[in-house]
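These notes are about the structure you will find just below.
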Amino acid sequence: MQPELLEVQRFLLDCPPFDELNGEQRQWVAGQIKAAYVNEYNVDGLFKQHSPALYIVRSGGFDLLAPDGHLIERLESHDLFGFPSLLSGRAVVNKLQVIEDGIIYIITAAVFDQLRQHVRAFEQYFIRAHEQRLLSETARREGDVGRRGSLTGTSSGSLQGSQVDSGAAERGRQGLAASRPKQEPVASYDTLQLPVAEVIVRAPVMLSIHATIKEAAERMRDEKVSSVLVVEGLVAENAVAEGTVVNDTAVNETAANSPADSEAAAVKLCGILTDRDLRNRVVAQGLAYDLQVNAVMTQAPATVYGRQTLMDALAIMTQENIHHLPVLNDADQPIGMITNTDLMRQQRSEPIMLISALNKAASKAQLVAEAAHIPAYMQTFAARVHDTTMVGRLLASLTDSMTRKLISLYEHEHGVAPGPYCWIAFGSQGREDQVLSSDQDNGLLLGNGLNDNQLDWFKGLGEYVSGGLHECGIPLCPGDIMASNVDCRRTLDGWLERFKSWTESPTPKALMYCQIFFDSRLVYGNKRLYQRYREQVARLAQKDFFLGNLARLQVSVQVPLGLFNRFRGTESGKDSDLINIKRYGIALINDIVRIYSLQAGIMVPQTLARLEALRGSKLLNNKDNQSLAEAWQFLTELRLQHQLQTWGSDQPKNALDPDELSTLTRRQLKTAFRIIKECQQGVGLKFGRIG
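Under UniProt numbering, the residue at position 533 of the sequence shown is numbered 533, and the numbers go up by one with no gaps.
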């Protein structure tokens, strides 16, 4: 059925996002549209005959159902559907049920792609629409109560075991979400939480380590890819010898993590070769094309597991400043490659674009100009993601990007570094739980044996980067814990001597420093140097005398609950009724988890990652482990929502008035404080001999 052209144009003018098209574009689209009269007898044939496609309801009424029969959306005139398959490339699995016979307009994938390429507003509309579809569907599948645990008042100290139903839990969350923009639904999911394996669109393109550079270039040309995995193993070598391509089904087979049943078990990833490597390491250097690829490939490349999230992939690619990331299954077998382009295809492409803009800055002035967009963007981002840990991780990634760019600019002006070094993030950046008000905590780890001139080079680097970060909006540290301070710019031996003095003579000031410096993460520099530093620091921290003093300091900080389980204000003056949930909540959980991690020799700095590493250990039982994780997530969410609500005002950003919270949220807050108090007592008994 071919609809009347003028009628369709008028209809599209009143149908977002087609109202973003100009007259000529709308006329063209109207001429491409097909129409189908759909009733209960022919509805099953719609997706079979026209898929993938964008569908627009012209008249009638329809229910879009998930495969399990759950109602996704009630569709009426001007409603659109079908776009998730067009954006993701996945097969249509949903069903359409007729409520009232009607006409559906059909736009083919080719027309849809043309519009996306030429009209940015059109593309952004469907990116946001796809996002909201994922939000609602994932929230339905996982359920907030099961996902986060119920933060209701329980006497056991666990945030689980609540008798509140999902409806009540949702009503309680309204107190946390009061500051979200009205036009944005409360987000419960973000595409950056998707497993990497779900985004891979093809099997890995692999090449034998014995292949030549010429063969690699030909393979990349034939496969139309910008990178190839270099491997050892029978499958890859046979594939190269026979000129075959691993087919797409290999992705699913390999991802099943059963390599023993597949030839893929023989494959071992050795390196990666990109088109950039061919330009810089082969053509620019005038190398012979018959050399083996192992002479020019990147050896032991950074990788990500298929079960990890896109946020993990983004963090790794940002930290390593790379654009291609091999994906492995749990048996360390390659199952694909993810690139910046793959990430940008997902609906939440803005973080990638923002990081890309920072990385492409040609000067400090340009970097500062790009960084000026971060606060406004982060407020929007924070208001629509479900997992609030992503906010801190993204901010840390942005700060990392700015740091590396500033280092690059300094080296461009002053020459390469005169010795091995590492730029280290401490505190909230190290833990990747930054907020917009977080200040700098960083330092320089230098190789031993540097002379005065070499030390002057690093002095300039520390001052340039710390000052540049300040210009980019990251406040200077009030305690001067920055690489611009000579005390935070030390050789390996110098840092180890400092940690040794802290652990052997744990004065109150030393213990305060330990709570910052033991949470560290490499941002840029020599990985082996940092690994040596981190391993030796971890051994120093396992001393019983030091841990005992650290435990006593932690127990001395009281949670803000008084007699009869009433809230106690933590501030002074006119704000005396407010409670600082950062200092007396989130930070206390960080402190508790840190001390268990130090004794266990765990070197990851992130609080939730530390808890995951402690799971099943004899140090911290699983019940307390999960309770601490849930309390940390709840307090982090509460703090974030408070900051969104008060941003731009002079109100305290970490202290809130409990009287302004909903009844359920108040109960949740009290439960979180009781968990912290009970776990403090456990720390005192285990480490501080307090009891």
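Here a beta-carbon is modelled for each residue, glycine too, at the ideal position from N, C-alpha and C.
Opening and closing residue of the beta strand (DSSP E) in which ALA425 lies = In the DSSP assignment, ALA425 falls within the beta strand (DSSP E) that extends over 421-426.
request  = Just the C-alpha distance for PHE18 and LYS34, rounded to the nearest angstrom, thanks.
outcome  = In a straight line, the C-alpha of PHE18 is about 16 Å away from that of LYS34.
ask   = With 16 as the cutoff for other CB atoms within 10 Å, does TYR125 come out buried or exposed?
value = Buried is the call here.
request  = Put HIS324 into one of helix, strand or coil per three-state DSSP.
outcome  = In this structure, HIS324 counts as strand in the three-state DSSP scheme.
query = Since ASP63 sits in a beta bridge, which residues does DSSP pair it with?
reply = According to DSSP, which records beta bridges pairwise, ASP63 is partnered with ARG74 and GLN97.
message = Looking only at its chain, what residues have a beta carbon closer than 6 Å to the beta carbon of SER397, apart from the 5 residues adjacent to it on each side?
response = So the qualifying residues of the chain are ALA315 and THR318.
inquiry  = Within a Cβ cutoff of 8 Å, which residues of the same chain sit near GLU535, ignoring the five residues on either side of it in sequence?
reply    = If we look at GLU535 and ignore the five residues flanking it on each side, its Cβ neighbours are MET603.
task = For PHE426, count neighbouring Cβ atoms within 10 angstroms of its own Cβ and tell me buried if that reaches 16, exposed if not.
result = PHE426 is buried by the Cβ-count criterion.
inquiry  = Looking at LEU598: is its Cβ nearer than 8 Å to the Cβ of LEU547?
reply    = Yes, they are a contact pair.
key: CA nearest to the CA of ALA357, picked from LEU461, ASN321, ILE424 and ALA36   = Nearest neighbour of ALA357 by Cα position, chosen from LEU461, ASN321, ILE424 and ALA36, turns out to be ASN321.
task = Note the first and the last residue of the continuous alpha helix (DSSP H) segment covering GLY467.
result = Per DSSP, GLY467 belongs to the alpha helix (DSSP H) from 452-471.
key: Cβ-based burial, ASP591 [other Cβ within 10 Å; buried from 16]   = Burial call: buried.
query = When you compare only the Cα positions, how much space is there between ALA203 and VAL391?
reply = Their Cα atoms are separated by approximately 32 Å.
message = Can you tell me whether LEU5 is helix, strand or coil according to DSSP?
response = Three-state result, LEU5: helix.
Any alpha helix (DSSP H) of 4 or more consecutive residues that is wholly inside the region 591-617 = Taken in chain order, the whole alpha helix (DSSP H) runs of length 4 or more contained in the region 591-617 are 607-614.
request  = With a 10 Å radius around its C-beta and 16 neighbouring C-beta atoms as the bar for buried, classify ASN625 as buried or exposed.
outcome  = ASN625 comes out buried.
ask   = In or out: ILE338 buried (at least 16 other Cβ within 10 Å) or exposed?
value = Taking all protein chains in view, the Cβ of ILE338 is crowded by 16 or more other Cβ atoms within 10 Å, so the residue is classified as buried.
key: Minimum C-alpha distance to TRP495 - residue among HIS470, THR507 and PHE517   = Nearest of HIS470, THR507 and PHE517 to TRP495, Cα basis: PHE517.
query = Does the beta-carbon of TYR533 have 16 or more other beta-carbons within 10 angstroms, so that it is buried, or is it exposed?
reply = Burial of TYR533 is indicated by the presence of at least 16 other C-beta atoms within 10 angstroms of its C-beta.
Length-filtered (4 minimum) alpha helix (DSSP H) runs lying within the region 507-554 = The alpha helix (DSSP H) runs lying completely inside the region 507-554 and spanning 4 residues or more are 508-517 and 527-540, given in chain order.
query = Who are the near neighbours of ALA540 in its chain, counting only those whose CB is closer than 7 Å to its CB and skipping five residues on each side?
reply = Reading off the sequence, residue 540 comes out as Leu, not Ala. Closer than 7 Å at the Cβ level, and outside the excluded window around LEU540, lie PHE499, LYS500 and THR503.
message = Using the Cβ count rule (16 or more neighbours within 10 Å means buried), how would you classify SER520?
response = By the neighbour-count rule (16 or more Cβ atoms within 10 Å), SER520 is buried.
key: Cβ contact (3+ pairs, closer than 8 Å) linking the region 578-592 and the region 668-688   = With the cut-off at 8 Å, the region 578-592 and the region 668-688 touch.
request  = Compare the C-alpha of LEU277 against each of ALA551, VAL230, SER401 and VAL267 and name the closest.
outcome  = Position check: residue 277 holds Asp in this sequence, whereas Leu was assumed. Of the listed residues, the one whose Cα sits closest to ASP277 is VAL230.
key: Selection from THR570, PRO67 and GLN434 that minimises the alpha carbon distance to GLN97   = Nearest option by C-alpha distance: PRO67.
ILE474 and GLN515 closer than 8 Å at C-beta = No, Cβ-Cβ distance for ILE474 and GLN515 is not below 8 Å.
task = Sort GLN668, THR388 and LEU620 by Cα distance to LYS686 and report the nearest one.
result = For the residues GLN668, THR388 and LEU620, the minimum Cα distance to LYS686 belongs to LEU620.
ask   = Comparing alpha-carbon positions, which option in SER466, ARG431 and LEU436 lies nearest GLY443?
value = When only C-alpha atoms are compared, the closest one is SER466.
query = If LEU656 and ALA383 are in contact, beta carbons under 8 Å, what's the gap, nearest whole angstrom?
reply = Under the criterion of beta carbons closer than 8 Å, LEU656 and ALA383 do not qualify as touching, at roughly 17 Å.
key: Straight-line Cα distance separating LEU529 from ILE424   = C-alpha separation (whole angstroms): 11 Å.
message = I'd like to know whether the C-beta atoms of CYS15 and ILE72 end up nearer to each other than 8 Å.
response = Not closer than 8 Å, so no.
Under the three-state DSSP convention, the category residue 702 falls into = The structure shown does not extend to residue 702, since the chain spans only 1 to 691, so no value can be given for it.
task = Rounded to whole angstroms, what's the CA-CA distance from GLY89 to GLN429? Just pull it up for me.
result = Cα to Cα, the separation comes out at about 36 Å.
inquiry  = Measuring only the C-alpha atoms, how far is THR380 from GLY82?
reply    = Rounded to the nearest whole angstrom, the C-alpha separation of THR380 and GLY82 is 27 Å.
query = Which one or two residues does DSSP pair with PRO334 in a beta bridge?
reply = Answer is LEU328, bridged to PRO334.
query = In whole angstroms, what separates the C-alpha of LYS268 from that of LEU328?
reply = Roughly 10 Å between the two C-alpha positions.
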